[in-house]
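**Student:** I'd like to ask some things about the structure below.
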Amino acid sequence: MSTPHDRGYRLAALFVSAVVLGLLIEASFHHQVPMLSPETTGASYDFTYSYALVGHWNGDGIKTAGVFFRGGWGLNDQNDDSIPEYVFRALPADGLPVAGDWDGDGRDSVGVFRDGRWYLKNRNDEAPADWIFEFGVLGDLPVVGDWDGDGKDSIGIFRHGRWHLRNHNAAGAPEMVFAFPTRWFPLG
Ligand SMILES: [Ca+2]
Ligand SMILES: [Ca+2]
Ligand SMILES: [Ca+2]
Numbered sequence: 289m290s291t292p293h294d295r296g297y298r299l300a301a302l303f304v305s306a307v308v309l310g311l312l313i314e315a316s317f318h319h320q321v322p323m324l325s326p327e328t329t330g331a332s333y334d335f336t337y338s339y340a341l342v343g344h345w346n347g348d349g350i351k352t353a354g355v356f357f358r359g360g361w362g363l364n365d366q367n368d369d370s371i372p373e374y375v376f377r378a379l380p381a382d383g384l385p386v387a388g389d390w391d392g393d394g395r396d397s398v399g400v401f402r403d404g405r406w407y408l409k410n411r412n413d414e415a416p417a418d419w420i421f422e423f424g425v426l427g428d429l430p431v432v433g434d435w436d437g438d439g440k441d442s443i444g445i446f447r448h449g450r451w452h453l454r455n456h457n458a459a460g461a462p463e464m465v466f467a468f469p470t471r472w473f474p475l476g
């Protein structure tokens, strides 16, 4: 038989864990970390503060590092400090970067989520976005993945503890909507 005190404690623990998880998710998407500088890359863009992302840019199936800063991309085929193979400027500068294999050709390419609008490219170059569509709203966090295992990555958003995943890179209703987490679970 739980007492009101026990219930209060559990509610407090749930609240704290939700806040911590939220901060962790927020940090994983928004934390800006000092990355490469032009002095070390030889690139013409300033990568001093960048978003980090990973992808298999050259199609060898090995995910390697990339950075995004104000519309400039630097994608490296090696996980080391070598010069990035793909350096270009594309897509809205003030969005959140994503990377995935949208067309299923075995190569990941970049995209940006900004205020509910997605911009996805099938080539890592300066060409305009191949797809522009609406999914989500301002404040949502973008997630991408191959949710149905068909070999193509597609979009999703995380909003207030609920996941909205879509199997198609186009506007429309999400195929999967679920809340996670909904209760306390032990960490570590
Ligand atoms: Ca390289
Ligand atoms: Ca691709
Ligand atoms: Ca898929």
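Counting in this note's numbering, the sequence shown runs from 289 upward without gaps. For glycine and all other residues, C-beta sits at the position ideal for the given N, C-alpha and C.
#1: Measuring alpha carbon to alpha carbon, tell me which of D382, V465, W361 and D418 ends up nearest H448.
#2: Do you know whose CA, among D403, I420, H344 and A458, lies nearest A387's CA?
#3: How is G354 classed by DSSP in three states: helix, strand or coil?
#4: Under 8 Å: do the segment 426 to 439 and the segment 367 to 380 share three or more Cβ pairs, one atom per stretch?
#5: Tell me, please, which residues DSSP counts as bridged to E422.
#6: Indicate, with yes or no, if ligand 2 has a heavy atom lying under 7 Å from the CB of N346.
#7: Under 6 Å from any heavy atom of ligand 1, by CB: list those residues in chain order, please.
#8: Does ligand 2 have a heavy atom nearer than 7 Å to the CB of L397?
#9: Per DSSP, F446 is paired with what?
#10: For the candidate residues A381, G433 and R358, whose alpha-carbon lies nearest to that of V342?
#11: Taking 7 Å as the cut-off, is the beta-carbon of D368 closer than that to any non-hydrogen atom of ligand 2?
#12: By the 10 Å Cβ neighbour count, where 16 or more other Cβ atoms means buried, how is L475 classified, buried or exposed?
#13: Specify the secondary structure class of V465 as computed by DSSP and reduced to three states.
#14: When burial is assigned at 16 or more other CB atoms within 10 Å of the CB, is F473 buried or exposed?
**Tutor:** To lay it out plainly:
#1: Taking the first residue of the sequence shown as position 1, residue 448 is located at position 160. Ranked by Cα distance from H448, the options D382, V465, W361 and D418 are led by V465.
#2: On the sequence shown, position 99 is the one that residue 387 refers to. Of the listed residues, the one whose Cα sits closest to A387 is H344.
#3: Here residue 354 corresponds to residue number 66 of the sequence shown, with the count starting at 1. Residue state, collapsed to three classes: strand.
#4: no
#5: Taking the sequence shown and counting its residues from 1, one reaches residue 422 at position 134. E422 pairs with R405.
#6: The sequence position of residue 346 within the sequence shown is 58, counting from 1. Not under cutoff, so the answer is no.
#7: N364, D365, Q366, S370, I371, P372 and E373
#8: Here residue 397 is taken as the residue at index 109 of the sequence shown, counted from 1. The sequence as given places Ser at residue 397; Leu does not occur at that position. At least one heavy atom of ligand 2 is nearer than 7 Å to the Cβ of S397, so yes.
#9: For the purposes of this step, residue 446 is taken as the residue at position 158 of the sequence shown. Answer by DSSP bridge pairing, in chain order: L429 and W451.
#10: Here residue 342 refers to the residue found at position 54 when the sequence shown is read from its first residue. Among A381, G433 and R358, the Cα nearest to that of V342 is on G433.
#11: What you label residue 368 is simply residue 80 of the sequence shown in a count that begins at 1. No, the beta carbon of D368 sits no closer than 7 Å to any heavy atom of ligand 2.
#12: What you label residue 475 is simply residue 187 of the sequence shown in a count that begins at 1. Exposed.
#13: Walking along the sequence shown from the start, residue 465 turns up at place 177. Strand.
#14: For the purposes of this step, residue 473 is taken as the residue at position 185 of the sequence shown. Per the 10 Å Cβ criterion, exposed.
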